Ligand code: NAI
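In this note's numbering, the protein residues as written are 18 to 492.
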């Protein structure tokens, strides 16, 4: 039996784009994406999709209503599917055992229970969500303990490696597709069926099959390695600022070593997004549970370095503005955790905003793709006095910067590079400051205009390089 009908449970950043691309590349397969959120499904069925992802609208438009459907009827979609992708969220637990570190598998477990309740025919259940190693075992327990006569299940691990902002390209041209399954004839047969789906557009040599546990752990490991590279270069950015070295030059020199490679060596205000911190915390927790405290401490340091980087940047802003930002108007350019997405989960901009608000600043925020309500929601999570009067959201960079004392750039949107900074400077309060947390602006040009410029991993504005290990002095 080949796969004719697929059900994707979870219509979020992963489930939506993944199932849409599968539908586009496999016109003979009927793909139904389901979610418990009525609003989200209504948006998937409208012209304004619930997530911003370059190229996604074209893919959805091509297939929606033909072999791609978005629905809230989860039961019907499960019942008719041969293969089910579980792409629900697996956030960090906020209470109970493992609070603040372990992955909360309640959504995954709920879907497993629903599948067990509803299914009347054999199913291949594919874990696409990022889960702790051996999570497939729990899903299998639930399914087998509740199975109906004549219904059998195979559980596969097929972690998703797409990155937000480049999801469609990543899905169309992945570095690899990873599929883990049970080492049994039925397990191998299920793996083969999933391979066949991907082979519609991906060469077989890019599809890597492993045992289930290797596949689950590899996803956590990949995110841990990526986050580690960012924390490594960010740790050196602090050394650069203290010595006069330039972290861009250091990253290039280091990355030219083919054993190291040049990708993911960009120093910044810190990493964000829904995955790196969550998956690292999860890995740390797993290591602790496995009684491997040294391994746990090793990976914990990657998270700690990220926290340090975010607070170091906020402190730099406050110190430069004469150690007080109380009642100062500060523009934040960018609020998403990176460019080309409207996602703000764990965005470093949130931490920076909180630190500035704690010090009494008034924020003017502009992001090209983040909704106003999202920004207010993110900041309302903190106990900040009078937030409505102290956070102003703008719909363009020029209004957001007018009459402010400083610009803090937190997201590397291309449009920020092209702004008319002469105009911006002329309309700001003087002295006018720019803090480039993403190292994307032309600092020399900005200085010529008159800005006082600070960035990560390099001294830009009129700071004397100390020849000793004492603290540098600003001139
Ligand atoms: P998301 O929060 O955007 O989407 C998850 C969706 O699942 C939500 O719309 C929610 O309503 C739905 N859902 C939860 N329980 C449900 C249930 N019982 N029935 C139906 N729908 C249900 O999450 P996102 O970002 O798509 O992540 C999903 C998984 O993929 C996570 O495990 C994440 O770690 C992993 N992942 C995320 C990546 C990313 O860049 N966002 C990249 C690679 C993996």
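Quick reminder that beta carbons are idealized off the backbone N, C-alpha and C, glycines included.
If you're wondering where the values come from, they're calculated on a predicted model, not measured in any experiment.
Assigned secondary structure, residue i (DSSP; H/G/I helix, E/B strand, else coil)
{"i": "residue 170", "result": "strand"}
{"i": "residue 43", "result": "coil"}
{"i": "residue 111", "result": "coil"}
{"i": "residue 180", "result": "coil"}
{"i": "residue 222", "result": "helix"}
{"i": "residue 283", "result": "coil"}
{"i": "residue 24", "result": "strand"}
{"i": "residue 451", "result": "strand"}
{"i": "residue 51", "result": "strand"}
{"i": "residue 332", "result": "helix"}
{"i": "residue 458", "result": "coil"}
{"i": "residue 228", "result": "strand"}
{"i": "residue 466", "result": "helix"}
{"i": "residue 497", "result": "An answer regarding residue 497 cannot be provided, because it is not within the stretch 18 to 492 covered by the chain."}
{"i": "residue 188", "result": "helix"}
{"i": "residue 196", "result": "strand"}
{"i": "residue 34", "result": "helix"}
{"i": "residue 473", "result": "coil"}
{"i": "residue 242", "result": "helix"}
{"i": "residue 165", "result": "coil"}
{"i": "residue 481", "result": "Below a pLDDT of 50, predicted positions are generally treated as unreliable, and residue 481, at 39, falls in that range; the measurement from the model is reported next regardless. Three-state result, residue 481: strand."}
{"i": "residue 201", "result": "coil"}
{"i": "residue 19", "result": "coil"}
{"i": "residue 548", "result": "In the structure as shown, the chain begins at 18 and stops at 492. Residue 548 is therefore absent and cannot be evaluated."}
Close-in-space but distant-in-sequence residues of the same chain around residue i (CB under 6 Å, 5 per side omitted)
{"i": "residue 47", "result": "22 and 84"}
{"i": "residue 174", "result": "144, 153, 197, 229, 232 and 233"}
{"i": "residue 268", "result": "250 and 282"}
{"i": "residue 368", "result": "327"}
{"i": "residue 155", "result": "none"}
{"i": "residue 472", "result": "453 and 456"}
{"i": "residue 462", "result": "none"}
{"i": "residue 106", "result": "124"}
{"i": "residue 71", "result": "357"}
Closest residue to residue i among the options (Cα-Cα distance)
{"i": "residue 447", "options": "424, 401, 386 and 458", "result": "424"}
{"i": "residue 125", "options": "146, 66 and 340", "result": "146"}
{"i": "residue 271", "options": "284, 347 and 259", "result": "284"}
{"i": "residue 170", "options": "183, 225 and 95", "result": "95"}
{"i": "residue 355", "options": "380, 298, 292 and 338", "result": "292"}
{"i": "residue 79", "options": "62, 88 and 89", "result": "62"}
{"i": "residue 225", "options": "240, 279 and 205", "result": "205"}
{"i": "residue 290", "options": "190, 363 and 280", "result": "363"}
{"i": "residue 19", "options": "217, 469 and 238", "result": "217"}
{"i": "residue 239", "options": "184, 297, 273 and 114", "result": "297"}
{"i": "residue 443", "options": "468, 458, 435 and 166", "result": "468"}
{"i": "residue 192", "options": "165, 220, 114 and 359", "result": "220"}
{"i": "residue 115", "options": "82, 149 and 404", "result": "149"}
{"i": "residue 242", "options": "140, 277 and 86", "result": "277"}
{"i": "residue 207", "options": "254, 99, 436 and 396", "result": "99"}
Residues of its chain near residue i, where Cβ-Cβ distance is below 8 Å and the 5 sequence neighbours each way are ignored
{"i": "residue 200", "result": "228"}
{"i": "residue 333", "result": "452 and 471"}
Near the ligand FMN: residue i beta-carbon under 6 Å from a heavy atom
{"i": "residue 54", "result": "By its list of ligands, the structure shown excludes the ligand FMN, since it contains just the ligand NAI."}
Short Cβ contact (7 Å threshold) for residue i with residue j
{"i": "residue 452", "j": "residue 392", "result": "no"}
{"i": "residue 376", "j": "residue 335", "result": "yes"}
{"i": "residue 188", "j": "residue 38", "result": "yes"}
{"i": "residue 109", "j": "residue 295", "result": "yes"}
{"i": "residue 42", "j": "residue 76", "result": "no"}
{"i": "residue 322", "j": "residue 427", "result": "no"}
{"i": "residue 91", "j": "residue 51", "result": "yes"}
{"i": "residue 172", "j": "residue 129", "result": "no"}
{"i": "residue 365", "j": "residue 430", "result": "no"}
{"i": "residue 342", "j": "residue 317", "result": "no"}
{"i": "residue 381", "j": "residue 417", "result": "yes"}
{"i": "residue 466", "j": "residue 438", "result": "yes"}
{"i": "residue 180", "j": "residue 299", "result": "no"}
{"i": "residue 58", "j": "residue 89", "result": "yes"}
{"i": "residue 195", "j": "residue 235", "result": "yes"}
{"i": "residue 357", "j": "residue 182", "result": "yes"}
{"i": "residue 373", "j": "residue 347", "result": "yes"}
{"i": "residue 361", "j": "residue 401", "result": "no"}
Cut-off 7 Å between Cβ atoms - residues of its own chain near residue i, not counting five sequence neighbours on either side
{"i": "residue 104", "result": "25, 26, 27, 29, 31, 32, 35, 145 and 146"}
{"i": "residue 257", "result": "263, 264, 267, 474 and 475"}
{"i": "residue 248", "result": "319, 322 and 323"}
{"i": "residue 338", "result": "345, 422, 423 and 450"}
{"i": "residue 60", "result": "66 and 67"}
{"i": "residue 135", "result": "92, 95 and 96"}
{"i": "residue 478", "result": "464, 469, 470 and 471"}
Quiz item: Taking the runs of the alpha helix (DSSP H) that are 4 residues or longer, which of them lie wholly in the region 345-379?
Solution: 365-375
Quiz prompt | Unbroken stretches of the alpha helix (DSSP H), 4 residues or longer, contained in the region 62-147 | solution = 73-80, 91-97 and 123-135
Quiz item: Residue ranges of each beta strand (DSSP E) run of no fewer than 3 residues wholly in the region 368-442, ordered along the chain?
Solution: 379-383, 408-410 and 423-426
Self-check item: Inside the region 249-324 only - alpha helix (DSSP H) runs reaching at least 4 residues
Solution: Runs of the alpha helix (DSSP H) inside the region 249-324: 264-272 and 293-306.
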